[in-house]
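Trainee:
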Amino acid sequence: MSTLTTTLNAIQPVDQAAMAAAQDRQNNLTKPAGALGLVEDISIQLAGVQRQAKPSIGKPMVVVMAGDHGVTRSGVSAFPAEVTPQMVMNMLFGGAAINVLSKQIGAKTVIVDMGVAAELPDHPQLVNKKIAMGTGDITTEVAMTAAQATAAIEAGIDVINAQDAASFDILITGEMGIGNTTPAAAICAAITGAAPKDIVGRGTGVDDEGLARKQAAVEKALALHKPEADDALDILSTVGGFEIGGLAGAILATVAQGKPVLVDGFISTAAAMLAVLLNPDVQGYLIGGHRSQELGHKIMLDWLQINPLVDLGLRLGEGSGAALAYPIVATACKILSDMATFAEAAVSGKDA
1077 MSTLTTTLNA IQPVDQAAMA AAQDRQNNLT KPAGALGLVE DISIQLAGVQ
1127 RQAKPSIGKP MVVVMAGDHG VTRSGVSAFP AEVTPQMVMN MLFGGAAINV
1177 LSKQIGAKTV IVDMGVAAEL PDHPQLVNKK IAMGTGDITT EVAMTAAQAT
1227 AAIEAGIDVI NAQDAASFDI LITGEMGIGN TTPAAAICAA ITGAAPKDIV
1277 GRGTGVDDEG LARKQAAVEK ALALHKPEAD DALDILSTVG GFEIGGLAGA
1327 ILATVAQGKP VLVDGFISTA AAMLAVLLNP DVQGYLIGGH RSQELGHKIM
1377 LDWLQINPLV DLGLRLGEGS GAALAYPIVA TACKILSDMA TFAEAAVSGK
1427 DA
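The sequence shown begins at 1077 in this note's numbering and counts up one residue at a time.
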């Protein structure tokens, strides 16, 4: 069997019995039931993911996938494509926001070249999985071949499987790629059927004319390629990106190992949607890190049926929002496992 098929077959639904046990414990902690809101929900979800009533999270890993996009030639970004390799090098030398945030939360960081349109120099922190020198311009041609789409997903799977399984217990998804909010918007529109005008946002900060060009590019790509709404590989190959495919693969491999995924913003969520199309059981492993400032991110999150932990007006990418949300996830586990129940604390409960 192929790497993708083997990975999909290894994914199991979350454990409902463990979630029920966690819910029962939450209901008996020394607080009104449900008083900690989404924090309680996350702890219960993690119990199902880890198949134990008292989950524990403490080893985050950030994976940043990088790739370029032919659609940048249509003027959809405020920055030129040359910024992608420059920012990858900045990350490799520790100067990007995600480097600071990863250090702050003690996260292992993996940087992957999935399709940067430049030859990057060898670096001990760089994983080379380059599929091609950027994707095709989706307004005139497919982003990639069907074979490249599968290769991108399998490259993401390989990146995760190459890590020491004991070195991380939660994946934080990140990306870098000038222009990649355009294919992410096209993926969202293809899957949800929502109109591009309700999805396309300003990305790196384009002006009104740039926003109109982005919306037109997405509309043109969808009309040209007509991707199948329930076919993740068709969507990825026609309107996607190499780093988006790589992230989808990384999500699948992480879930196959029985670990949760803390999803970052607009582009990472597009990858998560593709992963869920490939195997619906993935949904139970996804935690929404934050709500992006991008217009269509709420549509994505609603489709996935996940609630973001924070809403800080972010639109950076790189995994930054998810990294900021990580301490909430780790704390949710500590609340469930370390807080006393009414019986343990000899406090009169609600039925006393």
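All residues carry an ideal CB built from backbone N, CA and C; glycine is no exception.
#1: Gly1191 lies in the beta strand (DSSP E); which residues open and close that run?
#2: Pick helix, strand or coil for Thr1106, following the three-state DSSP scheme.
#3: Specify, as a first and last residue, the run of the beta strand (DSSP E) that His1199 falls within.
#4: Measure the Cβ-Cβ separation of Phe1318 and Ala1228 and say whether it is below 8 Å.
#5: How would you call Ala1428, buried or exposed, if buried means at least 16 neighbouring beta carbons within 10 angstroms?
#6: So, do the stretch 1145-1156 and the stretch 1410-1423 have three or more beta carbon pairs nearer to each other than 8 Å?
#7: Find out if the Cβ-Cβ distance for the pair Met1137, Ile1275 is shorter than 8 Å.
#8: Does the distance from the C-beta atom of Ile1133 to that of Ala1332 stay below 8 Å?
#9: Express the C-alpha separation of Leu1390 and Phe1342 in angstroms, rounding to a whole number.
#10: Within 7 Å: the Cβ of Gly1143 and any heavy atom of the ligand COA?
#11: With H, G and I counted as helix, E and B as strand and the rest as coil, what does DSSP make of His1366?
#12: Cutting at 6 Å between CB atoms, please list the residues of its own chain near Trp1379, excluding the five before and the five after it.
#13: Straight-line CA distance for Val1125 to Thr1215?
#14: Considering only residues of the same chain and omitting the five flanking positions on each side of Glu1116, which have a CB-CB separation below 7 Å?
#15: DSSP on Ser1346, reduced to helix/strand/coil?
#16: Which whole-angstrom value is the C-beta distance of Ala1270 and Gly1372, which I expect to be below 8 Å?
#17: Tell me, which residues are paired with Gly1143 by DSSP?
#18: Count the other CB atoms within 10 Å of the CB of Pro1303; is the residue buried (16 or more) or exposed (fewer)?
#19: So what's Gly1255 in DSSP terms, helix, strand or just coil?
#20: Within a Cβ cutoff of 7 Å, which residues of the same chain sit near Val1339, ignoring the five residues on either side of it in sequence?
#21: Taking 8 Å as the threshold, find out whether the stretch 1283-1291 comes into contact with the stretch 1149-1163 through three or more Cβ pairs.
#22: Note down, in chain order, each residue of its chain lying with its Cβ closer than 6 Å to the Cβ of Ile1382, except the 5 sequence neighbours on either side.
#23: Label Phe1169 either buried or exposed according to how many other C-beta atoms from any shown protein chain fall within 10 Å of its C-beta, with 16 as the threshold for buried.
#24: In whole angstroms, what separates the C-alpha of Ala1297 from that of Thr1211?
#25: Considering only DSSP beta bridges, list what Asn1204 is partnered with.
#26: For Leu1350 and Ala1308, what's the separation of their Cα atoms in angstroms?
#27: Would Ala1142 and Ala1097 be called neighbours here (beta carbons separated by less than 8 Å)?
#28: I believe Val1159 touches Ile1254 by the beta-carbon criterion, under 8 Å. Please report the beta-carbon distance rounded to the nearest angstrom.
#29: Helix, strand or coil: how does DSSP classify Thr1249 here?
Mentor: Well, looking at it:
#1: Segment Lys1184 to Gly1191, the beta strand (DSSP E) holding Gly1191.
#2: Judged by DSSP in its simplified three-state form, Thr1106 adopts coil rather than helix or strand.
#3: For His1199, there is no enclosing beta strand (DSSP E), as DSSP marks it with neither H nor E.
#4: Taking the C-beta atoms as reference points, Ala1228 is found nearer than 8 Å to Phe1318.
#5: Since pLDDT at Ala1428 reaches only 48, below the 50 mark, its modelled position is unreliable, and the value read off the structure follows with that caveat. Exposed: under 16 other Cβ atoms inside 10 Å.
#6: Contact between the stretch 1145-1156 and the stretch 1410-1423 is absent, because fewer than three Cβ pairs lie under 8 Å.
#7: The answer is no: Cβ separation not under 8 Å.
#8: Taking 8 Å as the Cβ cut-off, Ile1133 and Ala1332 do not qualify as a contacting pair.
#9: Near 10 Å, if we compare the C-alpha coordinates of Leu1390 and Phe1342.
#10: Here there are no bound small molecules, and the ligand COA is not part of this structure.
#11: In the structure shown, His1366 sits in a strand (DSSP, three-state: E or B).
#12: Excluding residues within five positions, the ones whose Cβ falls inside 6 Å are Thr1268.
#13: Straight-line Cα distance between these residues: approximately 40 Å.
#14: Excluding residues within five positions, the ones whose Cβ falls inside 7 Å are Gln1102 and Gly1110.
#15: The question names Ser, but residue 1346 in the sequence shown is Ala. Helix.
#16: Between Gly1372 and Ala1270 the Cβ distance is about 7 Å, and since that is below 8 Å, they are a contact.
#17: Beta-bridge pairing links Gly1143 to Gly1191.
#18: Result: buried.
#19: Note: Gly1255 maps to coil in three-state DSSP.
#20: Only Thr1249, Thr1345, Ala1348, Leu1362, Ile1363, Gly1364, Gly1365 and Ala1398 meet the Cβ criterion.
#21: With the cut-off at 8 Å, the stretch 1283-1291 and the stretch 1149-1163 touch.
#22: Excluding positions up to five away in sequence, the list reads Leu1362 and Gly1364.
#23: Flag for Phe1169 reads exposed.
#24: Computed Cα separation, rounded: 13 Å.
#25: Looking at the DSSP output, Asn1204 bridges to Asp1189.
#26: Their Cα atoms are separated by approximately 5 Å.
#27: Contact flag unset, no.
#28: Confirmed, about 5 Å.
#29: The three-state reading of DSSP puts Thr1249 in strand, counting E and B together.
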